[in-house]
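Asks:
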Amino acid sequence: MMHFSYLTVPTVTVSLLLAACSNPDSGDTIRTASDAQSASTASATAESKVASDQHTEIPTANSDASQLLAGMTISNLVDKQSHEVVRSALADAGVPQESIDGFFELVNEYNTAVPTDSMVAEGFADYGTKDPDYDVESISKAWNDRYADYVGTNCRINTFTLAHSLFSVDDQDNPNDSLLFLDQQSLDKAPQQIFNEAQRAKFEAFYGNIETTMEQTPGQHIADIKAYIKDRGIEFADTGTRVVSVFSHDTLTEPATLFIGHTGVAVPYEDGYLFVEKLAFDMPYQAVTVKDMQQLNDYLMHKYDDGPDLEYGQPVIFDNGDVIEGMRYARK
1 MMHFSYLTVP TVTVSLLLAA CSNPDSGDTI RTASDAQSAS TASATAESKV ASDQHTEIPT
61 ANSDASQLLA GMTISNLVDK QSHEVVRSAL ADAGVPQESI DGFFELVNEY NTAVPTDSMV
121 AEGFADYGTK DPDYDVESIS KAWNDRYADY VGTNCRINTF TLAHSLFSVD DQDNPNDSLL
181 FLDQQSLDKA PQQIFNEAQR AKFEAFYGNI ETTMEQTPGQ HIADIKAYIK DRGIEFADTG
241 TRVVSVFSHD TLTEPATLFI GHTGVAVPYE DGYLFVEKLA FDMPYQAVTV KDMQQLNDYL
301 MHKYDDGPDL EYGQPVIFDN GDVIEGMRYA RK
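For the sequence shown, full-length UniProt numbering gives the first residue as 1, with consecutive numbering after it.
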């Protein structure tokens, strides 16, 4: 988790957004800066207060990563074979062809701009217990040399590209979009338009900050996320596509907020699931295979859960509009 002293809003905002969808091997989780939510959201938050205990409400895994993540495979989508696999799985799960094509335009934009030597060269490889050891310095330099003013795309932009037609957001008015600064800059500076005006409004409402309690109570955090989903009229289509969202807890401001710090799309694949994600603006795409949704939870918690007894709560992971199946924290 990153800690910041609040000196000036612009400086902090840029720092936090650079961390959003950041390289998970750093062990950092997103800290967020936020403005107050609307009166209706605050009211829903107050009405949904529940008593809970962080250490007992959500269990902690008994096994370490070598057991929990066994059997996972990974691709960086740099070859034709992996493209065909992912395209087919997405289409079978109900993702429109236009959305798939738009996503792979972003994939190709990235993979043709950076060196791929440190990525999985072909197909899917054994995942092990952590992401590949990417040559971050060379990748970042190559991207910056190619695109001086364009930061690239992150997890939220790519997930929305794939899934925006598979969920609705009825109330898109006045979201707290204070942590979408770099997302908005990316969309403004992209070589080709990624979202139109209507899609951007929907994007900002879907990914807006959610007011919550300062307490480290996952039950309350879950209730507040569900209240936001209800108040905004967010509904997911009945397809095989699942928008998986990792909510991070920010206690650096009053009121505290929850924010989608990482996200991706999960679809059925063979006897399990395929999870498609973009790690960060200048970091690789990943497609990982998992045996079930609990293993996907374990994969994400292994990267984004900093553990208990800190000044902020542990992450909450949602599968579409509800808590991911088998949610549990990583053993630290």
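Cβ atoms here follow ideal geometry from the backbone N, Cα and C, with glycine treated the same way.
Here the structure is a predicted model, which is why all the values come from computation and not from measurement.
When you compare only the Cα positions, how much space is there between I234 and V169?
Replies: 4 Å
Asks: For the alpha helix (DSSP H) that H221 lies in, which residues bound it at each end?
Replies: P218 to R232
Asks: Among T263, A256, A287 and D79, which one has its Cα closest to the Cα of N176?
Replies: A256
Asks: On the criterion of 16 or more Cβ atoms from any shown chain inside 10 Å, does E211 qualify as buried, or is it exposed?
Replies: buried
Asks: Here's a check: name, in chain order, each residue in its chain whose Cβ is nearer than 8 Å to the Cβ of Q185, leaving out the five neighbours to either side.
Replies: In the same chain as Q185, and ignoring 5 residues on each side of it, the C-beta atoms closer than 8 Å to its own belong to V151, in chain order.
Asks: For Y127, which residues from the same chain have a beta carbon less than 7 Å from its beta carbon, with the 5 sequence-adjacent residues on both sides left out?
Replies: L69, M72, T73, I74 and V288
Asks: Following the continuous alpha helix (DSSP H) through Q199, name the residue where it begins and the one where it ends.
Replies: E197 to F206
Asks: What would DSSP say about V85, mapped onto helix, strand or coil?
Replies: helix
Asks: Between V265 and T241, which are expected to be in contact by the criterion C-beta below 8 Å, what is the C-beta distance as a whole number of angstroms?
Replies: With a Cβ gap of about 6 Å, V265 and T241 count as contacting.
Asks: Using three-state DSSP, classify A163 as helix, strand or coil.
Replies: helix
Asks: Please name the residue, chosen from Q193, L90 and L77, that lies closest to E270 on a Cα-to-Cα basis.
Replies: L90
Asks: What is the C-beta distance between R232 and A201, in whole angstroms, given that I count them as a contact (C-beta under 8 Å)?
Replies: Wrong, their Cβ atoms sit about 12 Å apart, outside the cutoff.
Asks: Tell me the rounded alpha-carbon separation between G272 and E325.
Replies: 13 Å
Asks: Let me know if D133 comes out buried or exposed under the rule of 16 or more other beta-carbons within 10 Å of its beta-carbon.
Replies: exposed
Asks: How about A330 and D305: are their beta carbons less than 8 Å apart?
Replies: yes
Asks: Please name the residue in D64, E57, S82 and P96 whose C-alpha comes closest to that of residue 333.
Replies: Because the chain is modelled from 1 through 332, residue 333 falls outside the range shown and cannot be assessed.
Asks: Throw me the rounded Cβ distance for the L162 and S99 pair, which I believe falls under 8 Å.
Replies: 5 Å
Asks: Could you spell out where the beta strand (DSSP E) holding Q286 opens and where it closes?
Replies: Y285 to V290
Asks: Does DSSP put G102 in a helix, a strand or coil?
Replies: helix
Asks: Tell me which residues share the same chain as Q314 and place their Cβ nearer than 6 Å to its Cβ, disregarding the 5 neighbours each side in the sequence.
Replies: Excluding sequence neighbours, Q314 sits near D305 and Y329.
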